[in-house]
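Notes follow once the structure below has been shown.
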Amino acid sequence: MTKTIQDMLKEQPSQASSSSNAQSIEYIDTVDAYDKWAEIYDTDGNFLQRLDTIEMRTLLPQFLNRVNARFHGTDPFKLVDLGCGTGRNTIQLLEAVSACEKNQKTSTQVTHRPSVEVIGVDASAGMLEVARTAIQSATRELNSTTVSLGTLNLLQTISDKSQLPESLQDGAVGVISTLVLEHIPLKAFFKAASAIMRPGAYFLVTNMHAQMGSLSQAGFTDPGTGVKIRPTSYCHSIADVLAAAAEAGFQVEPLEEECGGGEVLERTVDEELSGILGVRATKWIGIQVWFGVCFSKV
Ligand SMILES: C[S@@+](CC[C@H](N)C(=O)[O-])C[C@H]1O[C@@H](n2cnc3c(N)ncnc32)[C@H](O)[C@@H]1O
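Residues in the sequence shown are numbered from 79 upward in steps of one, following my numbering.
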């Protein structure tokens, strides 16, 4: 069974105590933790989310271009944000779709535009509630793309499609999942993703880097009690992620030149980046903290 970060840190007490600064820590069920975190998730200065937002600005248009090139004309054209949380990247995805549609409107070659559906799913009702409000105010200014939110627990075994929300039963052409993999064993993560995707569909994944995961994990300070609340997290190395993806029938899609052109984009915090990401990033200078990779389902 995959070891949790909590178990790993217990075996390295010096690192556990330096990372916690003697603050008391409570480990709780992951979904309960996110239900509690939801209210302050977007505002508590988490630098990994900020970094992810910045990187997704470049990765999302590349991802959409690929999906459009392969699935142009597919109707319905479903895009899923797996573990959408408060909708941070669901909204970035909607903005990217909107920009893409504007470009297509000026193109004379396009004869048929399928309806685009963006679907955000998560296991936390609290996170989904925040997402609902955020998406409602964002979509007032965006296009007419259909957006819906639903509950899906990636840890529930999906043995046949009828167990999926109806909106996901006919297969997504593109799926994103950002900063979620940390909470899910690799096999379950890729199995669930595969179950909601059409063959050939693209899958853009970002996650906390294992170098950061060997020292810390997701969590927040409960404003009422001052206690650090932590969900269950796993420290997945890039090699393990790529191996599990391959085993589940995914292949890596090389990134474009502007993202380094390799298979996996990795980010280390340096002085300049820490200035952009805020005070909580300073202690991570010199550490690899984030990675992103795009797969397709074979
Ligand atoms: C760090 S947040 C990331 C949220 C969002 N994707 C983002 O990038 O801001 C992790 C998300 O994974 C969700 N999550 C954790 N375990 C899950 C599970 N078993 N099934 C579905 N979602 C889960 C949490 O509820 C939370 O919204």
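C-beta: ideal position from N, C-alpha, C; glycine also.
Runs of alpha helix (DSSP H) wholly within the stretch 238 to 281 (minimum 4 residues, chain order): 264 to 273
Spatial neighbours of Val305 in its chain, beta-carbon cut-off 8 Å, leaving aside the 5 residues before and after: The residue labelled residue 305 in the question sits at position 227 within the sequence shown. Cβ within range, chain order: Gln101, Ser102, Ile103, Glu104, Thr299.
Per-residue DSSP class, three states only, for Gly415: Because the chain here runs from 79 to 376, residue 415 falls outside it and cannot be looked at.
C-alpha distance - Met134 paired with Leu157, whole-angstrom precision: Locating residue 134 in the sequence shown gives position 56, counting from the first residue. Locating residue 157 in the sequence shown gives position 79, counting from the first residue. If you take the alpha carbons of Met134 and Leu157, they lie about 15 Å apart.
Beta strand (DSSP E) segment containing Asp300, residue limits: Translated into positions along the sequence shown, residue 300 becomes position 222. Here Asp300 belongs to no beta strand (DSSP E), and DSSP marks it neither H nor E.
Unbroken beta strand (DSSP E) run spanning Tyr105, endpoints: Counting from one through the sequence shown, the residue named residue 105 turns up at place 27. Tyr105 -> beta strand (DSSP E) spans 103 to 105.
Met205 vs Ala116 beta-carbon contact at 9 Å: Position 127 of the sequence shown holds residue 205. Position 38 of the sequence shown holds residue 116. Cβ distance < 9 Å, so Met205 and Ala116 count as in contact.
Start-to-end residues for the alpha helix (DSSP H) that takes in Ser215: To locate residue 215, count along the sequence shown from 1; it is residue 137. Note, Ser215: alpha helix (DSSP H), 203 to 217.
Whole-angstrom distance between Glu349 and Glu331, CA atom to CA atom: Position 253 of the sequence shown, counting from 1, holds the residue named residue 331. Position 271 of the sequence shown, counting from 1, holds the residue named residue 349. Distance between the alpha carbons of Glu331 and Glu349 is about 31 Å.
CB of Ala324 within 9 Å of CB of Leu160, strictly: Residue mapping note: residue 324 aligns to position 246 of the sequence shown, counting from 1. Residue mapping note: residue 160 aligns to position 82 of the sequence shown, counting from 1. Against a cut-off of 9 Å, the Cβ pair of Leu160 and Ala324 comes out as no contact.
Residue nearest to Thr247 in terms of C-alpha spacing, selected from Gln90, Leu87, Ser272, Gln182: In the sequence shown, residue 247 corresponds to position 169, counting from 1. Just to set this straight, residue 247 is Gln in the shown sequence, not Thr. Nearest of Gln90, Leu87, Ser272, Gln182 to Gln247, Cα basis: Ser272.
Coil, strand or helix - Lys156 by DSSP: Your numbering for residue 156 matches position 78 in the sequence shown. Note: Lys156 maps to strand in three-state DSSP.
The beta strand (DSSP E) enclosing Ser226, as first and last residue numbers: Along the sequence shown, read from residue 1 onward, the residue named residue 226 stands at position 148. It spans 224 to 229 - the beta strand (DSSP E) in which Ser226 sits, taken as one unbroken run.
Beta-carbon spacing of Leu232, Ala279 below 9 Å: In the sequence shown, residue 232 corresponds to position 154, counting from 1. In the sequence shown, residue 279 corresponds to position 201, counting from 1. Contact flag unset, no.
Met86 versus Tyr112: straight-line alpha-carbon distance, rounded: One-based indexing of the sequence shown puts residue 86 at position 8. One-based indexing of the sequence shown puts residue 112 at position 34. Approximately 22 Å between the Cα atoms of the pair.
Opposing strand residues paired with Thr168 [DSSP bridges]: Here residue 168 is taken as the residue at index 90 of the sequence shown, counted from 1. BP columns for Thr168 are empty, so no partner.
Cβ-heavy atom distance, Gln241 to ligand 1, below 8 Å: In the sequence shown, the residue the question calls residue 241 occupies position 163. No, the beta carbon of Gln241 sits no closer than 8 Å to any heavy atom of ligand 1.
Any non-hydrogen atom of ligand 1 within 8 Å of Arg345 CB: Within the sequence shown, the letter at position 267 stands for residue 345. Result no, Cβ not under 8 Å from ligand 1.
Euclidean distance between Cα positions of Pro154 and Leu320: Reading the sequence shown from its first residue, position 76 is the one you call residue 154. Reading the sequence shown from its first residue, position 242 is the one you call residue 320. Taking the straight line from one Cα to the other gives about 29 Å.
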